[in-house]
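Chemist:
Protein chains: 2
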Amino acid sequence: MTEDQRLGWREVRDTIHDWILSGRYGAGDKLPRDADIAGDLDCARSTVVRAMQDLSDAGVVDRRRRGGTRVRPDPVVRATLDIPITRAEIEGKGGRYGYRLVRQARALPPAPVLEAVGWDAPHEMLQVEALHLSDNVPHMFEDRWISLETAPEILSVDLAVQNANEWLVLNKPYSRFEVRFYAVAADPRLAVLMQVAEGAPMLVIERTTWIAEQPITTVKSVARPGFQLLSRS
Amino acid sequence: MTEDQRLGWREVRDTIHDWILSGRYGAGDKLPRDADIAGDLDCARSTVVRAMQDLSDAGVVDRRRRGGTRVRPDPVVRATLDIPITRAEIEGKGGRYGYRLVRQARALPPAPVLEAVGWDAPHEMLQVEALHLSDNVPHMFEDRWISLETAPEILSVDLAVQNANEWLVLNKPYSRFEVRFYAVAADPRLAVLMQVAEGAPMLVIERTTWIAEQPITTVKSVARPGFQLLSRS
DNA sequence: ATTCTTAATATGTACGTACTTATTATGTCA
DNA sequence: TGACATAATAAGTACGTACATATTAAGAAT
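Protein chains in written order, with the working numbering: chain P, 1 to 233; chain R, 1 to 233.
#1: Once the 5 residues before and after Asp54/P are set aside, which same chain residues still bring their CB inside 7 Å of it?
#2: Closer than 8 Å between beta carbons: that is the criterion. Which residues of the segment 158-192 of chain R meet it against chain P?
#3: If we cut at 9 Å on Cβ distances, does Trp19/P have a partner in chain R?
#4: When the cut-off is 9 Å and only beta carbons count, does Met202/P lie next to chain R?
#5: Scan the segment 59-88 of chain P for residues whose Cβ lies nearer than 8 Å to a Cβ of chain R and list them as they occur along the chain.
#6: Residue range of the beta strand (DSSP E) that Asp143/P falls in?
#7: Would you kindly check if the distance between the Cβ of Pro84/P and the Cβ of Gly94/P is under 9 Å?
#8: Going by DSSP, which residues form a beta bridge with His132/R?
#9: Can we say the segment 174-186 of chain P touches the segment 221-233 of chain R, given the rule of at least three CB pairs closer than 8 Å?
#10: Residues of chain R with CB under 9 Å from Gly39/P, in chain order?
#11: Should Val219/R and Asn165/R be called a contact, given that it needs their Cβ atoms to be closer than 9 Å?
#12: Note down, one range per segment and in chain order, each alpha helix (DSSP H) of at least 4 residues found wholly within the segment 154-188 of chain R.
#13: If you reduce the DSSP assignment to three classes, tell me which class Arg87/P lands in.
#14: Quick check on this structure: which residue in Ala197/P, Ser221/P, Thr217/P has the alpha carbon closest to the alpha carbon of Ile205/P?
#15: Considering Gly39/P, what are the terminal residues of the alpha helix (DSSP H) in which it resides?
#16: Would you kindly report the start and end of the unbroken alpha helix (DSSP H) that includes Ser46/R?
#17: Should Gln127/P be flagged as near chain R, meaning a C-beta pair shorter than 9 Å?
#18: Give a yes or no on contact between the segment 61-75 of chain P and the segment 112-129 of chain P, applying the rule of three or more CB pairs nearer than 8 Å.
#19: Output, in chain order, the set of chain P residues within a Cβ distance shorter than 9 Å of Leu230/R.
#20: Using a Cβ-Cβ cutoff of 8 Å, what residues of the segment 96-118 of chain P are near chain R? List them in chain order.
#21: With a threshold of 7 Å on Cβ separation, who are the neighbours of Tyr174/R within its own chain once the five nearest residues in sequence on each side are excluded?
#22: Considering Glu124/R, what are the terminal residues of the alpha helix (DSSP H) in which it resides?
#23: Kindly indicate if chain P contains any beta-carbon less than 9 Å away from that of Glu233/R.
#24: So, is the C-beta of Arg45/R closer than 9 Å to a C-beta in chain P?
#25: Within 9 Å of any Cβ in chain R, is that where the Cβ of Thr2/P sits?
#26: Find out if the Cβ-Cβ distance for the pair Arg144/P, Val157/P is shorter than 9 Å.
#27: Does the beta carbon of Gly92/R come closer than 9 Å to any beta carbon on chain P?
#28: Determine, for Arg10/R, whether the minimum Cβ-Cβ distance to residues of chain P falls below 9 Å.
#29: Would DSSP call Glu213/P helix, strand or coil?
#30: In the DSSP output, which residue or residues are listed as bridge partners for Val71/R?
#31: Suppose you measure from the CA of Thr2/R to the CA of Asp29/P; what does that come to, to the nearest Å?
#32: Leaving aside the five residues before and after Val196/R along the sequence, list all residues of the same chain whose C-beta is less than 7 Å from its C-beta, in chain order.
#33: Relative to the alpha-carbon of Val77/P, which residue among Gln214/R, Tyr25/R, Arg207/R has its alpha-carbon at the smallest distance?
#34: Buried or exposed for His132/P, going by 16 or more other Cβ atoms inside 10 Å?
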C-alpha cells in the first residue's frame with residue numbers, strides 16, 4: 001500500500017504555481033489546456049478548473065474562453081481586506097461605541113462628489129456629517145452624500161439616533177461599489193472635530209455604492225491617527 | 001417553448017443573498033442545508049456549493065462542516081485590491097520609470113521591524129532604502145529589510161542596478177503575506193527625498209512576506225502625496 | 001456532573017459527462 | 001486587400017454520484 005492518492009485541487013494549484021515560479025512558464029506564456037494538465041497530473045478536468053479559478057482569483061493567470069490560460073504579464077499582489085462596520089470594529093476591541101450627528105442638509109453636491117458618483121449634472125442629495133466615537137474619543141469622521149433618487153426614504157429616518165451607514169446596509173443593497181484609500185492632513189475644522197493637531201496625517205477611506213448603475217451613497221471616512229487597515233495572506 | 005431554464009450558480013447566489021437582505025434570514029441565522037436549497041431551487045447541490053463559496057468568499061456567510069451555513073453576524077465590506085509592481089504602475093500610466101538606491105547596509109533590525117516579521121531576537125538583516133521615480137519625480141520611497149537566512153543570495157545582487165522587489169518577486173516565492181495601510185507625516189529626511197513639504201500627509205503600504213513561517217522581507221513604502229489605492233466592485 | 005467514546009450530519013472534495021459560450025482562426029466573397 | 005460569415009476550440013457551467021472529513025450531538029462510563 002502507501003499508494004499516493006490522487007491530487008487535490010490545492011496540490012494541482014500549487015503544482016501549476018510552481019511551474020510559473022520556476023520559470024517553466026514565464027510572464028505572458030500560454031499554459032496547456034485544462035484537459036491536458038488533467039491528463040498529465042492524472043486528475044479530472046474539474047479539479048484543474050478549480051485550481052485555475054484560484055490562480056485566476058489571485059491574479060496569477062488570465063483565462064479566456066478559446067484563448068486559453070496565460071501567465072499574467074504584470075504580476076500583482078492581490079490583497080483582500082475587510083472593512084468592518086465601525087460599530088462592530090469598536091465593540092470588537094472592547095470599546096464603547098458612540099455616534100454623534102454633526103450636520104445634515106439637503107444640498108447640491110460639489111464637483112468631487114459628482115465625480116465620485118459619476119453624475120454629469122448635479123441633483124439634490126442629502127449630506128450627512130457624523131462622528132463615530134470609541135469610549136467618547138473621536139474614532140472616525142464621515143462626510144456622506146446620499147442620493148435622494150435611489151434612497152428617498154432616508155429623509156424620514158432620524159439620523160441623530162440612527163447611524164446612516166447602518167440604515168443603508170440594512171435597507172439599500174448595492175450591486176457595485178468602489179473604495180479608495182489615501183492620506184490627507186487635518187484641516188482646522190477636522191482637527192477640532194477629531195481632537196487632533198492641525199495638519200495631522202489621517203487615513204481616508206472613500207466608498208461609493210451603486211444599484212444598477214444608479215448611485216446610492218458616497219462617503220469619505222477619515223480615521224483617527226494611528227488607524228491601520230490590515231490584510232493577511 | 002420559452003420554458004425557463006434551470007438556475008445558474010450566480011442566480012442561486014443572488015437568490016440566497018436576497019433572502020438575507022430581505023431579512024428572511026438575519027445575522028447569525030442558520031440557512032437550510034445545501035441539499036435542501038438545491039431541492040427548493042431545483043438545481044444540483046454542486047450549484048448551491050458554488051454559490052455558497054462565492055458568498056463565503058465575499059464575507060456574507062460562514063460555513064462549517066457539520067455546523068451548517070450561517071449568516072455572518074458582523075457584515076463586512078470585503079474589498080480586493082491589486083498592489084502593482086511599481087515599475088508596471090508607472091509605465092502603465094505612460095511615465096518613464098526610474099530607480100535610485102539610497103542606502104544599503106547589513107544591520108540588526110529595530111523593534112518595529114522585529115515585530116513586523118515576528119522575531120523575538122534580532123538576527124542580522126539587509127536594509128535597503130530606495131526611491132522609485134516617475135519621469136524623474138519621486139513616486140515612492142521604500143525602506144526594506146531582507147532576511148539573510150531565507151534570502152542570503154540578495155547579498156550578491158547589485159541593488160544599485162536591480163530593484164530589490166523585482167529580484168525578490170522573481171526569486172523568492174512566498175507562502176504568506178500581510179499588508180497594512182496607514183498615514184504618516186513626512187519627516188525632514190523623507191521630505192527631502194520625496195521633494196515634499198515637511199509634515200505632508202503620505203500613504204504608507206507596509207508589506208511582509210514569509211515562506212513556511214520564516215520571514216523573507218518587510219517593506220514600508222511611502223507614496224507620493226495624491227497617491228490613491230483603488231478597488232472596484 | 002464530568003470525561004470520554006461513538007455515531008450522526010452537513011460541508012468539502014473529486015470525478016466524469018454533457019452541453020454552452022466567448023473568442024479566435026479560417027475561409028469565402030467582393 | 002478587405003469585410004464578413006463560418007467553423008473550430010478551450011474555458012465556463014451544470015449535474016449527479018461517491019466518498020472524505022470536521023464538528024457537533026448523543027450516549028456511555030466514571
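Don't be surprised by glycine CBs; every beta carbon is placed ideally from N, CA and C.
Modeler: In this structure, then:
#1: Arg13
#2: Val169, Pro173, Arg176, Phe177, Glu178, Val179, Arg180, Phe181, Tyr182, Ala183, Val184, Ala185
#3: no
#4: yes
#5: Gly59, Asp74, Pro75, Val76, Val77, Arg78, Ala79, Thr80, Leu81, Asp82, Ile83, Pro84, Ile85, Ala88
#6: 137-147
#7: no
#8: Tyr99/R, Met140/R
#9: yes
#10: Simply none; closest approach about 23 Å.
#11: yes
#12: 164-171
#13: helix
#14: Ser221/P
#15: 34-41
#16: 45-57
#17: no
#18: no
#19: Glu178, Val179, Arg180, Phe181
#20: none
#21: Thr209, Trp210, Ile211, Ile216
#22: Per DSSP, Glu124/R belongs to no alpha helix (DSSP H) and is neither H nor E.
#23: A small fix is needed here, since residue 233/R is Ser in this sequence, not Glu. Yes, Ser233/R counts as interfacial toward chain P.
#24: no
#25: With a pLDDT of 37 at Thr2/P, under the threshold of 50, the modelled position of that residue is not reliable, and the figure given next carries that caveat. No - not a single Cβ of chain R is within 9 Å of the one on Thr2/P.
#26: no
#27: yes
#28: no
#29: coil
#30: Val61/R
#31: Caution applies to Thr2/R, whose pLDDT of 36 falls short of 50 and renders its modelled position unreliable; the value that the coordinates give is listed next. Rounded to the nearest angstrom, the two C-alpha atoms are 43 Å apart.
#32: Ala186, Pro225
#33: Arg207/R
#34: buried
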